[in-house]
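This report concerns only the one structure given below.
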Amino acid sequence: MVPVAVRALQVLLPDLQVESAEAGWGCFQRCGQSVPDLTLQRMRACGAGLFGAVSSPSHPVTGYRSAILTLRQTLGLNVNLRPVRSWSGVSPRDDVDLLILRENSEGLYSGREQMLSAGHAMAERHITAAASEALAQRAVEVAKLRGAKRLTLVHKANVLPLTCGLFRDRCRAVLNAAGLADRVDERLVDVAALQLVAEPQHFDLLLTTNLFGDILSDLACHWSGGLGLAPSLNWGQGIALAEPVHGSAPDIAGTGRANPLAAVLSAALLLRYHWALPTLADRLEAAVDQVLSRHAGEDLGTATLIQLEQSLLQQLNHPLPD
Ligand code: IPM
Ligand code: MN
674 MVPVAVRALQ
684 VLLPDLQVES
694 AEAGWGCFQR
704 CGQSVPDLTL
714 QRMRACGAGL
724 FGAVSSPSHP
734 VTGYRSAILT
744 LRQTLGLNVN
754 LRPVRSWSGV
764 SPRDDVDLLI
774 LRENSEGLYS
784 GREQMLSAGH
794 AMAERHITAA
804 ASEALAQRAV
814 EVAKLRGAKR
824 LTLVHKANVL
834 PLTCGLFRDR
844 CRAVLNAAGL
854 ADRVDERLVD
864 VAALQLVAEP
874 QHFDLLLTTN
884 LFGDILSDLA
894 CHWSGGLGLA
904 PSLNWGQGIA
914 LAEPVHGSAP
924 DIAGTGRANP
934 LAAVLSAALL
944 LRYHWALPTL
954 ADRLEAAVDQ
964 VLSRHAGEDL
974 GTATLIQLEQ
984 SLLQQLNHPL
994 PD
């Protein structure tokens, strides 16, 4: 799927230089690291990357840590952008256009868990003013680009007043200082989940902590058409890693069937946000929309990768009149 996304980018940016680098469980088995140093070096040198879904072991393995979590942490990719929008012909609704900004560096993803005794396990949830403010700063930028009318802070400060309270207060301070106070509201995470199901069209930008963002972004992507159409951008200062939210689907490996559109839409996020090339991002997303309307009513899971790539590249090279 990543080569398809790369070829789409190369149509739009003919001079784009591309390098590849390894990561994942297979890589760990060969070289003892899920993200080798060379991969980190290449990511830093390029300043932008496309992550292909990788597998993880289903049992704890000494020394192994998830490749994507390692990349996020080591490269300072502290914000995760997860847009959800309606697409022609495939989405269950036609009026959804929201974007979840997920804190990407801390919260319950601290990686600090321990057994206190045989029957008592503990995980640490860290929330800092710095990370919360950094998320809100990105929200200010994204709100300007989107012309966002509503920014919703999602938390659980009724039960976690210190951690979630800090998150909410620091986000609010940044948004207020940017003159956005009248557009900001807040929801407890459980209420937000219900409303994302019942009235997703009323949301615009959502800001939330790491685990809440992980869960709510999977829930919300139902409205675009599911995980097969869920892109994301892990975004730091001067560096970004585009990541389709789905996994590696080992059950269909080798069948030739695969849907590259989440990878392609993730590449569009690199264009729009990291490289500030919104016109090219619009073109790529419009091409995806055309491909989807052509395949309307079909289960994309039954199309082959080659068919979908051909359809997409045809659209990009010769857009059909509307
Ligand atoms: C995601 C994934 C990851 C996460 C996993 C694979 C560690 O679910 O990108 O949403 O939980 O962040
Ligand atoms: Mn997830």
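If you read the sequence shown in the numbering used here, its first letter stands for residue 674, the second for the next number, and so on. Ideal Cβ positions, reconstructed from N, Cα and C, are used throughout, including at glycine.
In the three-state reduction of the DSSP assignment, Asn777 falls in the coil class, being assigned neither a helical nor a strand state. In this structure, the beta-carbon distance from Arg755 to Val857 does not fall below 8 Å. In this structure, Leu957 lies away from Leu771, with their beta-carbon atoms at least 8 Å apart. In the DSSP annotation of this structure, the continuous segment of the alpha helix (DSSP H) that includes Ser890 starts and ends at Asn883 to Ala893. The alpha-carbon separation between Ala960 and Leu938 amounts to approximately 10 Å. No residue range can be given for Val691, since it is assigned to no alpha helix (DSSP H) and is classified by DSSP as neither H nor E.
Setting aside the 5 residues that flank it on each side, Ser728 is surrounded in the same chain by Gly697, Trp698, Gly699, Gly920, Ser921 and Pro923, each with a C-beta closer than 8 Å to its C-beta; the list follows chain order. Within its own chain, the residues whose Cβ lies closer than 8 Å to the Cβ of Lys822, once the five positions on either side in sequence are excluded, are Arg856 and Asp877, listed in chain order. The alpha carbon of Gln988 has as its nearest neighbour, out of Ala976, His895, Ser966 and Arg766, the alpha carbon of Ser966.
Residue environment: His947 is assigned as buried (16 or more neighbouring CB atoms within 10 Å of its CB, all protein chains considered). A Cβ-Cβ distance of about 5 Å is found for the pair Ser764 and Gly898, placing them in contact under the 8 Å criterion. A check of alpha carbon separations from Gly886 across Ala936, Leu826 and Arg845 identifies Leu826 as the nearest. Between Trp908 and Arg766, the C-beta gap is not smaller than 8 Å, which leaves the two residues out of contact. In terms of CA proximity to Leu914, Leu744 leads the group Gln983, Leu744, His968 and Val815. Not a single heavy atom of the ligand MN lies less than 7 Å from the C-beta of Val862. Within the chosen limit of 7 Å, the ligand IPM does not reach the beta carbon of Asp924 with any heavy atom. Beta-bridge analysis with DSSP links Arg930 to Thr977. Judged by beta-carbon spacing, Leu867 lies beyond the 8 Å limit of Leu824, meaning their Cβ atoms are not closer than that value.
Leu754 has its Cβ no nearer than 7 Å to any heavy atom of the ligand IPM.
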